[in-house]
Ligand code: PMV
């Protein structure tokens, strides 16, 4: 008899309205809702195979056995799956990631979305998108959005504890056809992880409360703009919300700064191109890389405009992508 196993694929997402700050660290409940675009590039493919002979989980990442913190994170995630499923077996987890790990290109989002999907199937847990999104959230908050295709809103969840856990998941929202050009300023591992930095921001940045109230309002406005197909408003909110997140982060003491000089130059270039009639907007996660938001029809033009201005940068054109899905093979 073959042991239970499953394989899943998931893609990274980039937030238009950012998630930055948790109100419950164990349950990974965010201080605000957020909203993102799942991309069609850099898929992660993950297989989970239960093995009653194992005395611990095993993690193979891009064909190399991984131990230490990365294994610990996967193990505590699978502990949740084991507790819910009543199946105690440890698992072989094999994952292949085509995005530079830890470079602010959301490898943890695609990684935990794929792991939640494969593990739920292998351990016999529900595999509807709400259940998968709630589970993926426990691995990495933003992973709950990578379970969902295209535009996904992640609800902050009602109240606290169990009630909030049950209602904090991502679901698809309608909107105009969007795309992004990702400018890879640096593919190096970021100096401080988003998990640590968001905690420090909440603890020591005097701008954190303003970030939370502003983002709550931005999320409402964004959903209205998306429903109305108001691309200009979508873009303005995207760029401004990202800069507000970085302002809150910069207010941390000792200071944290993710944006590099080239990142700032990319924001300036987006503003210049808007003046010239190409309506693009910039955003950046917890790292120096910048994503340029554009209308899907403008994707090639946008890439070309940035290639002229930044000939040394890798520029990756991405359209909206699928949610996490099960697939064949290990
Ligand atoms: O899910 P995490 O812990 O990797 O946090 C992601 C935080 C940002 O990427 C900076 C913002 C977001 O909403 O994705």
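In my numbering, the protein residues as written are 14 to 343. Just so it is clear, CB atoms sit at the ideal spot from N, CA and C, and this is done for glycine as well.
Residue i, DSSP secondary structure in three states
i, result
"residue 259", "helix"
"residue 209", "helix"
"residue 133", "helix"
"residue 103", "strand"
"residue 17", "coil"
"residue 292", "coil"
"residue 115", "Note that residue 115 has pLDDT 48, beneath the 50 cutoff, so the model's placement of it is unreliable and no number is given."
"residue 78", "strand"
"residue 93", "helix"
"residue 312", "helix"
"residue 302", "coil"
"residue 169", "coil"
"residue 270", "coil"
"residue 192", "strand"
"residue 252", "helix"
"residue 275", "helix"
"residue 149", "helix"
"residue 338", "strand"
"residue 197", "strand"
"residue 184", "strand"
"residue 64", "strand"
"residue 323", "coil"
"residue 281", "helix"
"residue 155", "coil"
"residue 162", "coil"
Residue i vs residue j beta-carbon contact at 8 Å
i, j, result
"residue 224", "residue 46", "no"
"residue 161", "residue 183", "yes"
"residue 194", "residue 273", "no"
"residue 59", "residue 103", "no"
"residue 106", "residue 94", "no"
"residue 232", "residue 48", "yes"
"residue 129", "residue 149", "yes"
"residue 75", "residue 50", "no"
"residue 240", "residue 29", "no"
"residue 191", "residue 333", "yes"
"residue 56", "residue 134", "no"
"residue 84", "residue 331", "no"
"residue 207", "residue 299", "yes"
"residue 295", "residue 305", "yes"
"residue 264", "residue 226", "no"
"residue 153", "residue 125", "yes"
"residue 22", "residue 260", "no"
"residue 34", "residue 220", "no"
"residue 318", "residue 291", "yes"
"residue 40", "residue 177", "yes"
"residue 137", "residue 98", "yes"
"residue 237", "residue 254", "no"
"residue 71", "residue 78", "yes"
"residue 370", "residue 196", "Because the chain in this structure spans residues 14 to 343, residue 370 falls outside the shown range and cannot be described."
"residue 293", "residue 315", "yes"
"residue 339", "residue 20", "yes"
"residue 62", "residue 18", "yes"
Residue i beta carbon near the ligand MN (any heavy atom closer than 7 Å)
i, result
"residue 28", "What this structure holds is the ligand PMV, not the ligand MN."
Residue i - partner residues in DSSP beta bridges
i, result
"residue 37", "42"
"residue 71", "105"
"residue 138", "BP columns for residue 138 are empty, so no partner."
"residue 32", "In DSSP, residue 32 forms no bridge with anything."
"residue 47", "167"
"residue 57", "23, 110"
"residue 329", "195"
"residue 307", "192"
"residue 52", "333"
Item to check | Cβ pair count under 8 Å reaching 3, the stretch 212-220 against the stretch 255-273 | outcome: Touching, yes, given that three or more Cβ pairs across the two stretches are closer than 8 Å.
Checklist entry - Taking one C-beta from the stretch 163-178 and one from the stretch 246-255 each time, how about it: are there three or more such pairs within less than 8 Å? => result Touching, no, given that fewer than three Cβ pairs across the two stretches are closer than 8 Å.
Checklist entry - Do the stretch 140-160 and the stretch 278-290 make contact, defined as three or more Cβ pairs closer than 8 Å? => result Result no; under three Cβ-Cβ pairs closer than 8 Å.
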